[in-house]
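*Asks:* Top line first, the protein sequences correspond to chains E and H.
Per the working numbering: the first sequence = residues 1 to 137.
Per the working numbering: the second sequence = residues 138 to 274.
Handing you this structure, nothing more for now.
There are 2 protein chains.
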Amino acid sequence: MSCTTTLKNKGLKLTPQRRLILNIIHESGGHLTAEEILDYVHARVPGVNKSTVYRTLELLEELGCVYKSELGDRFIYHHAEEGHHHHLVCRACGKSIDCDEDVFLPVERALDKKYGFQAHFKHMVMSGLCAECRDKG
Amino acid sequence: MSCTTTLKNKGLKLTPQRRLILNIIHESGGHLTAEEILDYVHARVPGVNKSTVYRTLELLEELGCVYKSELGDRFIYHHAEEGHHHHLVCRACGKSIDCDEDVFLPVERALDKKYGFQAHFKHMVMSGLCAECRDKG
DNA sequence: TTTATAATTGCAACTGGTTGCACCAACAAT
DNA sequence: ATTGTTGGTGCAACCAGTTGCAATTATAAA
Chain E
1 MSCTTTLKNK GLKLTPQRRL ILNIIHESGG HLTAEEILDY VHARVPGVNK STVYRTLELL
61 EELGCVYKSE LGDRFIYHHA EEGHHHHLVC RACGKSIDCD EDVFLPVERA LDKKYGFQAH
121 FKHMVMSGLC AECRDKG
Chain H
138 MSCTTTLKNK GLKLTPQRRL ILNIIHESGG HLTAEEILDY VHARVPGVNK STVYRTLELL
198 EELGCVYKSE LGDRFIYHHA EEGHHHHLVC RACGKSIDCD EDVFLPVERA LDKKYGFQAH
258 FKHMVMSGLC AECRDKG
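Structure (C-alpha cells):
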C-alpha cells in the first residue's frame, strides 16, 4: 500500500509539506539523515518549519512508510520498499549493500534457546568494510 | 589494566572530576545514560560543568574504559569489565541479561561469505522480551 | 619546593531536535 | 453557505549535547 493511501485511510491529511518530504525520501533512494532531509526541504520550500519536518518523519515511521535505523552515532531514514532487508554500509567508501532478511535468524534462535529472550532484528544498518575496500587495505 | 593507569600512561590527568565520574560508573554496575551520569555527578558535586562530563565520557570511551552502546533511541554507558559480552534488556521489566559474546558469529560469517562484508558486533545492547515477561503477556 | 607546560575545566554560545500552544485549513453535518 | 470538529503548521521556548576559548590545574623536571 502506498504512503498516500495509508495516510488517507487513517484520516490523516496529505499536505504539501508531507508530499514534499515523501518525495525527497523516495527520490533519494538511499539513506538520509534527518538533517539532510531538512536541508533538501528548505532548498525547495524555505518556509517549512523544522518541527513540521521532524514531526512528519516521526509520523511516517509510525505508519511504516519509512524506516528509521541507527548507524553509528546517528539515525538515518529510508523508504520502506516491498520486502524487508538489512543494509550493509561500508565505512570506507560509503557504499550501501542490501542484505538478506534472514541473516539474524540464527541469533534470534540462539537468544531464545539460551536465555528465553525474544528479540527481533528489523531493517538493521551495519557498518563495516566491503570486499573491495578490505582488499585495498 | 585499570582506568587510572591507562590515563597516566597516556599522559592524561586524573582530576577530581574524572575520578568522580569513574566512581559513579563503577558503582552503578548497570547501564547509565549520559544524563543519569550527569545527574549523579551534580548530586555529589554541583559545580561540575556538563561539558566536562560529556567530554570525560567521550574520553573514557576512546580509552576503552567504558563502553557506549545504543539502546533504542539513546546511548548508554557501562563499565568495560574483563570479558566482553552483550546485553539483553527486557523492554517490559527493564532487566538486563548478560549474553555470550559469540552469538553474532554466525551473522559475521554469513555476511562475509555472502557479501564479502566484514562486520563486527561488539558489546551490543538488544531490546526484547525476557522469558518471564513473555509468559505473563 | 618552585617552575614550566600541556592537559583540563568552566563558560557562553551554539546545534540538532522536541514540545506546548495558538492559529489555520480541510471537511462533514446542518 | 455556515458551523463544528479534527488534524496540521508555525512559532517560540526549551532540552540534551557540542564547541571555541580563556583561565586554571595536575604533573614532571629542575
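Glycine included, each C-beta is placed from N, C-alpha and C at the ideal position.
What residue from H:259, H:260, H:261 and H:244 has the CA that sits closest to residue 253 of chain H's CA?
*Replies:* Ranking H:259, H:260, H:261 and H:244 by Cα distance to residue 253 of chain H puts H:244 first.
*Asks:* Alpha carbon to alpha carbon, how far is residue 105 of chain E from residue 118 of chain E?
*Replies:* If you take the alpha carbons of residue 105 of chain E and residue 118 of chain E, they lie about 12 Å apart.
*Asks:* Anything in chain H within Cβ reach of residue 97 of chain E, meaning under 7 Å, just list it in chain order.
*Replies:* Chain H residues near residue 97 of chain E: 252 and 254.
*Asks:* Under 8 Å by Cβ, that's how I've got residue 41 of chain E and residue 53 of chain E pegged, so tell me the actual separation to the nearest angstrom.
*Replies:* Going by Cβ atoms, the distance from residue 41 of chain E to residue 53 of chain E rounds to 6 Å, so yes, they are a contact pair.
*Asks:* Does the beta carbon of residue 93 of chain E sit closer than 7 Å to a beta carbon anywhere in chain H?
*Replies:* It does not: the Cβ of residue 93 of chain E has no partner Cβ on chain H nearer than 7 Å.
*Asks:* Just to confirm before moving on: does the CB-CB distance between residue 215 of chain H and residue 168 of chain H stay below 7 Å?
*Replies:* The answer is yes: Cβ separation under 7 Å.
*Asks:* To which residues of the same chain is residue 95 of chain E closer than 7 Å at the C-beta, ignoring the five residues directly before and after it?
*Replies:* Hits under 7 Å: 130.
*Asks:* Look at the Cβ atom of residue 67 of chain E, then the Cβ atom of residue 26 of chain E, and state whether they are nearer than 7 Å.
*Replies:* Going by C-beta atoms, residue 67 of chain E is not nearer than 7 Å to residue 26 of chain E.
*Asks:* Opposite residue 170 of chain H in the DSSP bridges: which residues?
*Replies:* H:213, per the DSSP bridge assignment.
*Asks:* Identify which residue in H:210, H:247, H:142 and H:151 has its Cα closest to the Cα of residue 262 of chain H.
*Replies:* Residue H:210 is the option with its Cα nearest to residue 262 of chain H.
*Asks:* Do residue 86 of chain E and residue 99 of chain E come within 7 Å of each other at the CB atom, strictly closer than that value?
*Replies:* For residue 99 of chain E and residue 86 of chain E, yes; Cβs fall inside 7 Å.
*Asks:* Compute the distance between the beta-carbons of residue 133 of chain E and residue 92 of chain E, then report whether it is under 7 Å.
*Replies:* For residue 133 of chain E and residue 92 of chain E, yes; Cβs fall inside 7 Å.
*Asks:* Have a look at residue 207 of chain H and residue 153 of chain H and give me their C-alpha separation to the nearest angstrom.
*Replies:* Looking at the two C-alpha atoms, the distance is approximately 28 Å.
*Asks:* Residues of chain E with CB under 8 Å from residue 265 of chain H, in chain order?
*Replies:* Ordered by position in chain E, the residues that pass the 8 Å Cβ test against residue 265 of chain H are 111, 117, 118, 119 and 120.
*Asks:* Determine whether the beta carbon atoms of residue 226 of chain H and residue 264 of chain H lie at a separation below 7 Å.
*Replies:* Yes, they are a contact pair.
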